[in-house]
Amino acid sequence: MRGTGGDGGHGGGWGAQGWGARGDGGHRGMGGTGDGGHRGMGGTRGWGAHGDGGHRGWGAHGDGGHGGGWGARGGMGGTRGWGAQGMAGRKPMVPLPPPVPPPRRWLVLDTGTRQLLAGGSDGNEQLSVVRFSPDGTFLAIGSHDNFIYIYSVAEGGRKFSRFGRCTGHSSFITHLDWSKDGRFIMSNSGDYEILYWDVAGGCKLLRNRFESRDREWASYTCVLGFHVFGVWPDGSDGTDINSLCRSHHERVVAVADDFCKVHLFQYPCARPKAPSHVYGGHGSHVTNVRFTHDDGHLVSLGGKDTSVFQWRVLPGDPEPR
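Shown next as structure tokens:
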């Protein structure tokens, strides 16, 4: 890929367009984004949206093209507060115990009509990532309660039935991806753990991780994995990379880092200190990156700069410097 950097002065592979995005209590933006920081699209097809008062996760499935399909959204909500007991002068203000958080809801929307098709709730913690299996028969929902909830999908996305729950992570779920055959899941968590699951076999944890090193994945958004360990620079503390996304043609992988940069690596990136093209433009840490369905553009989300950048992917596939 070839082109210019996001601010017009960088060499490399893309041109960039950015526009501010803000709202009440959270960032607003366009679709095509996903895990870590801001949450967005995942899966095969869909449309983007925003969250109110916090981060949101999205997953989508469709039948190709720009429309026709359905998407699922996970979110968070709830309040904490203080209460008064008695009248002024008689009894002091006392803190009330925090209320039990309400169950976290997820919604399924038609990406063509944007009508609500179905919904559900799981646990009392934030739902951080949602992802449909490649054929759309399963929905995986990663939560901050350390579980991955699996649903079977029927009636064109209108009926969801609990299939199982993946139990084994010691921290909240940050990223997950399905294998191409729809049988396995790879997941990352907040304590930088990589786990693999046999969903078809009953959501079982695979103890031997090396058995999954050559498995083919329908998407690749996990920042930790056998195929992408080369994107991590020496001395990284685990928080330097916020998001990762492999292109649909499986030739490159884009990375959003904590230093205002977007990187482009060749895929697979399975050698230490792998070279990359580096693109500037954001004025703050980059929270998310996602390729559009045709790999013609890459969308990146900024943090404190509250911006959404659209990078144009140009023809060519040069070796990273």
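Quick note: the UniProt record's numbering has the sequence shown finishing at residue 321, numbered continuously throughout.
Where is the CB? At the ideal position from N, CA and C, for every residue including glycine.
- prompt: With a cut-off of 8 Å, do at least 3 Cβ pairs link the region 173-183 to the region 210-221?
  reply: Because the criterion of three Cβ pairs below 8 Å is met, the region 173-183 and the region 210-221 touch.
Original post:
Where does the unbroken beta strand (DSSP E) through Asn-242 begin, and where does it stop?
Top reply: Counting along the chain, Asn-242 sits inside the beta strand (DSSP E) bounded by residues 241-246.
* To do: Could you check the C-alpha separation between Arg-104 and Pro-315 for me, to the nearest Å?
  => One C-alpha to the other measures close to 43 Å.
message = Which residue marks the beginning of the beta strand (DSSP E) containing His-263, and which one marks its end?
response = Run containing His-263: 262-266, per the beta strand (DSSP E) assignment.
Notebook entry, point to check: Among Ala-154, Arg-158, Gly-119 and Glu-155, which residue has its Cα nearest to the Cα of residue 323?
Noted result: Residue 323 is absent from the model: the chain starts at 1 and stops at 321.
Grouping DSSP H, G and I as helix and E and B as strand, with all else coil, what is Val-252?
-> Per DSSP, reduced to three states, the secondary structure at Val-252 is strand.
Practice problem: Give every residue of the same chain whose Cβ lies closer than 8 Å to the Cβ of Tyr-192, excluding the five residues on either side of it in the sequence, and list them in chain order. | Solution: Excluding the 5 residues flanking it on each side, Tyr-192 has same chain C-beta neighbours closer than 8 Å at Leu-224 and Gly-238, in chain order.
Q | C-beta contact flag for Ile-185 and Arg-165 at 8 Å | A | Contact: no.
Which of the three DSSP states, helix, strand or coil, is assigned to Ser-212? Helix, per DSSP.
Notebook entry, point to check: If Gly-123 sits next to Phe-147, beta carbons under 8 Å apart, how far is it from one beta carbon to the other, in whole angstroms?
Noted result: That belief holds up - the Cβ atoms of Gly-123 and Phe-147 are roughly 7 Å apart, short of 8 Å.
- Query: In terms of DSSP beta bridges, what is Asp-198 paired with?
  - Reply: Asp-198 is bridged to Phe-184 and Lys-204.
* So what does Gly-238 bridge to, in DSSP terms? -> When DSSP reads this structure, Gly-238 sits in no beta bridge, so it has no partner.
| field | First through last residue of the beta strand (DSSP E) which encompasses Gln-310 | value | Segment 307-313, the beta strand (DSSP E) holding Gln-310.
I'd like the span of the beta strand (DSSP E) that includes Asp-177, first residue to last. Under the DSSP assignment, Asp-177 falls in the beta strand (DSSP E) whose first and last residues are 173-178.
Work out the CA separation of Thr-167 and Asp-258 for me, nearest whole Å. The alpha-carbon atoms of Asp-258 and Thr-167 are separated by roughly 30 Å.
For this session: Check whether the Cβ atoms of Phe-210 and Ala-270 sit closer than 8 Å, and answer yes or no.
Result: Ala-270 sits away from Phe-210, with the two beta carbons spaced by 8 Å or more.
In three-state terms, what does DSSP make of Val-223? If DSSP states are grouped into helix, strand and coil, Val-223 belongs with coil.
**Prompt:** Nearest to Val-153 by alpha carbon, out of Arg-131, Phe-172 and Ile-173?
**Reply:** When only C-alpha atoms are compared, the closest one is Arg-131.
*Is the CB-CB distance between Val-313 and Ala-274 below 8 Å?*
No, Cβ-Cβ distance for Val-313 and Ala-274 is not below 8 Å.
Note to self: Once the 5 residues before and after Gly-283 are set aside, which same chain residues still bring their CB inside 6 Å of it?
What the structure shows: Excluding positions up to five away in sequence, the list reads Asp-305.
- prompt: With 16 other CB atoms within 10 Å as the buried threshold, where does Asp-234 fall?
  reply: Label assigned to Asp-234: exposed.
Quiz item: Just how far apart, CA to CA, sit Asp-240 and Met-93?
Solution: Rounded to whole angstroms, Asp-240 to Met-93 spans 43 Å at the Cα level.
Secondary structure at Phe-160, three-state DSSP: helix, strand or coil? Strand, per DSSP.
Quick check: what's the CA-CA separation for Asn-188 versus Ser-121? Rounded to whole angstroms, the gap between the alpha carbons of Asn-188 and Ser-121 is 22 Å.
Val-231 (DSSP reduced to helix, strand or coil) | It is helical.
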